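Protein chains: 2
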Amino acid sequence: MIDKTLIEHSQAACDALSADDDGLKRDVLTHAGNRWSLGIVHTLGVAGKLRHAEIGRRMSGVTQRMLTRTLRQLERDGLVIRHDYREMPPRVEYELSPLGYGLLTQMIPLWMWVIENADGFRAARERFGDAEADDE
Amino acid sequence: MIDKTLIEHSQAACDALSADDDGLKRDVLTHAGNRWSLGIVHTLGVAGKLRHAEIGRRMSGVTQRMLTRTLRQLERDGLVIRHDYREMPPRVEYELSPLGYGLLTQMIPLWMWVIENADGFRAARERFGDAEADDE
DNA sequence: CAGTATCCTTGCGGATACTG
DNA sequence: CAGTATCCGCAAGGATACTG
Numbered sequence: 396m397i398d399k400t401l402i403e404h405s406q407a408a409c410d411a412l413s414a415d416d417d418g419l420k421r422d423v424l425t426h427a428g429n430r431w432s433l434g435i436v437h438t439l440g441v442a443g444k445l446r447h448a449e450i451g452r453r454m455s456g457v458t459q460r461m462l463t464r465t466l467r468q469l470e471r472d473g474l475v476i477r478h479d480y481r482e483m484p485p486r487v488e489y490e491l492s493p494l495g496y497g498l499l500t501q502m503i504p505l506w507m508w509v510i511e512n513a514d515g516f517r518a519a520r521e522r523f524g525d526a527e528a529d530d531e
Numbered sequence: 396m397i398d399k400t401l402i403e404h405s406q407a408a409c410d411a412l413s414a415d416d417d418g419l420k421r422d423v424l425t426h427a428g429n430r431w432s433l434g435i436v437h438t439l440g441v442a443g444k445l446r447h448a449e450i451g452r453r454m455s456g457v458t459q460r461m462l463t464r465t466l467r468q469l470e471r472d473g474l475v476i477r478h479d480y481r482e483m484p485p486r487v488e489y490e491l492s493p494l495g496y497g498l499l500t501q502m503i504p505l506w507m508w509v510i511e512n513a514d515g516f517r518a519a520r521e522r523f524g525d526a527e528a529d530d531e
């Protein structure tokens with residue numbers, strides 16, 4: 396059975412939050428859910444400051460296009476800082492902003508929870524994946 | 396300046412997590428980032444058990460199509476439980492699963508952080524939104 | 001009431017080729 | 001090296017109409 400106080404606590408917290416912009420939260424999660432965003436934030440969080448190509452090297456599968464796109468997105472979101480040294484050949488480095496580090500920090504407990512409950516998610520997938528996966 | 400120990404703590408935690416499936420985390424966030432997922436989870440978390448139409452009434456803007464789609468998605472993800480009473484006229488109720496309540500709980504600190512840092516996000520938007528919003 | 005069935009637009013993500 | 005420029009397929013999201 397579920398802890399009732401947990402639910403009530405959630406209620407109180409959610410009510411307080413509902414007053415603010417609900418779209419902002421979804422916005423952040425939408426961008427965070429994009430294919431490469433989490434990986435880049437994670438990589439920059441671990442490595443500190445990296446060049447464009449170096450990020451690409453550490454994240455197998457990403458194309459230059461998507462890397463640039465995602466980095467620009469993260470920059471617009473204020474999570475990543477871009478340093479263009481205006482040299483020839485070009486040298487550009489990316490690093491997490493304080494906001495980016497903050498997000499990374501906030502994400503960690505969530506990630507751990509997801510992994511702890513991976514079985515639960517997979518179980519749900521199997522229950523429904525076989526039955527009605529084909530119609531979507 | 397940013398707390399260095401924070402970064403190192405993040406590093407350690409992230410390294411531990413990287414070993415596991417990175418796609419799963421992104422998967423959860425992708426679904427959570429979908430247009431109506433958060434709102435539904437929040438609504439069900441606060442209200443408990445609701446009928447299809449009642450959810451729609453509490454979330455202005457959602458169409459029946461998207462409501463059904465999102466609910467089905469959440470059901471497949473194991474976050475929401477669907478009760479079909481097989482009556483006529485139809486009566487179907489939705490409620491959060493334990494996993495759903497768990498996710499909601501995990502989300503709350505993240506949401507609070509997002510709202511606390513809303514100024515930071517908006518500031519970033521304004522800095523870049525004006526300059527290069529037109530080319531995307 | 002609780003959905004499906006269509007049709008449409010938008011944006012993500014990828015492949016490939018090119019440029020300063 | 002750090003990008004752009006084009007091309008494409010796919011899925012999210014929305015509008016509208018219909019059904020058991």
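Here the protein sequences line up with chains R and E, keeping their order. Residues in the first sequence are numbered from 396 upward in steps of one, following the numbering used here. Residues in the second sequence are numbered from 396 upward in steps of one, following the numbering used here. Note that the Cβ used here is the ideal one computed from N, Cα and C, for glycine as well. Please read all numbers here as calculations on a predicted model, not as lab measurements.
- Per DSSP, the beta-bridge partners of E:Arg477 are E:Tyr489.
- Nearest in C-alpha terms to E:Lys420, of all of R:Arg520, R:Ala513, R:Asp422, is R:Ala513.
- Taking the beta carbon of R:Val487 as reference, no residue of chain E falls within 8 Å; the closest one sits roughly 16 Å away.
- In this model, R:His447 and E:Ala442 are separated by some 47 Å (Cα to Cα).
- E:Met502 counts as buried, since no fewer than 16 other beta carbons sit within 10 angstroms of its beta carbon.
- Its chain contains Gly440 as the residues whose beta carbon lies nearer than 8 Å to that of R:Tyr496, once the 5 sequence neighbours on both sides are disregarded; these appear in chain order.
- Under the three-pair Cβ rule at 8 Å, the segment 425-433 of chain R counts as touching the segment 463-481 of chain R.
- For E:Gly451, there are no neighbours in chain R by C-beta distance under 9 Å, as the nearest C-beta there is about 16 Å away.
- By a beta-carbon distance limit of 8 Å, R:Phe523 contacts E:Glu470. Their separation comes to about 7 Å.
- For E:Phe516 and R:Glu511, the gap between their C-alpha atoms comes out near 30 Å.
- Chain-ordered, the chain R residues with CB closer than 8 Å to the CB of E:Leu424 read Leu424, Ala427, Gly428, Leu433.
- For E:Glu470, the nearest beta carbon of chain R is closer than 8 Å to its own beta carbon.
- Assigned with DSSP and collapsed to three states, R:Arg446 falls in strand.
- Using a CB distance cut-off of 8 Å, E:Leu445 does not count as an interface residue toward chain R.
- In the displayed model, E:Thr458 falls within coil according to three-state DSSP, outside both helix and strand.
- Counting other Cβ atoms within 10 Å of its Cβ, E:Thr458 stays below 16 and is therefore classed as exposed.
- Among the residues of the segment 488-509 of chain E, those with a Cβ less than 9 Å away from any Cβ of chain R are Leu491, Ser492, Pro493, Leu494, Tyr496, Gly497, Leu498, Leu499, Thr500, Gln501, Met502, Ile503, Pro504, Leu505, Trp506, Met507, Trp508, Val509, in the order of the chain.
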